[in-house]
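Numbering (our numbering), first residue to last: 199 to 466. Below is one structure, written out as structure tokens; comments come after it.
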């Protein structure tokens with residue numbers, strides 16, 4: 199990814215900076231999306247101090263700096279959490295695909311974010327400007343993200359298809375203490391291992407995914423999931439050859455009601 203960012207044409211970088219940064223060149227077709235020049239200027243942002251010096255050297259220098267920053271971010275923040283991030287993204291995509299197959303597109307589109315609405319024929323995003331993107335032959339690419347928690351983002355730049363970026367379900371698992379360290383109150387009720395599994399199911403996950411998160415064997419995870427299933431604390435659904443488990447309303451209530459205390463040691 200860093201290499202692709204660094205290879206971005208300088209004129210493309212300059213164009214994107216022109217659109218977003220106050221005081222730079224104004225492109226008429228962009229300004230027309232806003233009600234007036236004043237509204238467009240309010241939408242634009244001042245040049246960040248960290249970017250100002252680099253931008254003086256042109257778009258190629260900005261692309262190179264952005265690539266370096268992205269690589270640093272990945273190595274220091276994303277890479278250590280990558281197994282969990284991958285599991286969250288896979289679970290989000292699988293869950294939404296299942297819901298779309300069972301209930302139609304509206305069931306998936308309506309909860310991507312408060313600023314996005316599905317009218318039955320159009321996806322409407324609340325923005326300070328107006329415009330219509332009618333690329334019926336291109337479709338829309340939905341991208342779950344674990345590093346963005348704000349409103350739904352979008353990009354629409356030819357020749358690429360439109361992209362919607364939204365917060366993935368289950369990102370609460372990131373940065374949390376290990377799943378095996380369940381709340382003592384919950385562990386006292388259902389047992390340490392089952393409490394850890396129940397706590398980790400912020401988003402639907404397969405036995406293999408839970409095994410990677412906890413470090414327990416698939417057989418151990420499967421055994422305890424079976425007990426949680428029979429107790430009505432989790433449910434399961436199949437997509438192809440993959441079975442995913444999700445907390446039921448009762449299971450979520452149990453996890454939510456267990457207060458934060460010092461976590462016990464991992465069971466052996």
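Each residue gets a CB set at the ideal place from its N, CA and C atoms; glycine is no exception. Just so you know, these numbers come straight off a predicted model, no measurement behind them.
Since residue 326 contacts residue 237 with CB under 8 Å, what's their CB separation in whole angstroms?
In the chain shown, residue 326 corresponds to position 128, counting from 1. In the chain shown, residue 237 corresponds to position 39, counting from 1. With 8 Å as the limit, residue 326 and residue 237 qualify as a contact, their Cβ atoms being about 7 Å apart.
So residue 431 and residue 418 are supposed to be a Cβ contact under 8 Å. How far apart are they, rounded?
As a working mapping, residue 431 is identified with position 233 in the chain shown. As a working mapping, residue 418 is identified with position 220 in the chain shown. Not quite, the Cβ-Cβ distance comes to about 17 Å (not below 8 Å), so this is no contact.
Rounding to the nearest angstrom, what Cα-Cα distance links residue 402 and residue 211 in this structure?
Working through the chain shown from its first residue, we reach residue 402 at position 204. Working through the chain shown from its first residue, we reach residue 211 at position 13. Roughly 39 Å between the two C-alpha positions.
For residue 289 and residue 232, what's the separation of their Cα atoms in angstroms?
In the chain shown, the residue the question calls residue 289 occupies position 91. In the chain shown, the residue the question calls residue 232 occupies position 34. Distance between the alpha carbons of residue 289 and residue 232: 38 Å.
CA-CA distance, residue 440 and residue 404?
The sequence position of residue 440 within the chain shown is 242, counting from 1. The sequence position of residue 404 within the chain shown is 206, counting from 1. Rounded to whole angstroms, residue 440 and residue 404 show a C-alpha spacing of 7 Å.
Tell me the residue span of the alpha helix (DSSP H) that contains residue 428.
Position 230 of the chain shown, counted from the first residue, corresponds to residue 428. Per DSSP, the continuous alpha helix (DSSP H) segment holding residue 428 begins and ends at 416-428.
One question on the structure: do residue 219 and residue 245 come within less than 8 Å of each other, judged by their Cβ atoms?
The sequence position of residue 219 within the chain shown is 21, counting from 1. The sequence position of residue 245 within the chain shown is 47, counting from 1. For residue 219 and residue 245, yes; Cβs fall inside 8 Å.
Hey, could you find the ends of the beta strand (DSSP E) residue 281 is sitting in?
For this step, residue 281 is matched to residue 83 along the chain shown. Looking at the DSSP string, residue 281 is not in any beta strand (DSSP E); the run it does join, the alpha helix (DSSP H), is 280-301.
3-residue-minimum beta strand (DSSP E) runs that sit fully inside the region 337-367, ordered along the chain:
339-343, 351-353 and 361-365
Near residue 416, which residues of its chain fall below 8 Å by C-beta distance, leaving aside the five closest residues on each side in sequence?
Translated into the one-based positions of the chain shown, residue 416 becomes position 218. These residues qualify, in order along the chain: 405, 406 and 409.
Three-state secondary structure assigned by DSSP to residue 204
Locating residue 204 in the chain shown gives position 6, where the first residue counts as 1. In the structure shown, residue 204 sits in a helix (DSSP, three-state: H, G or I).
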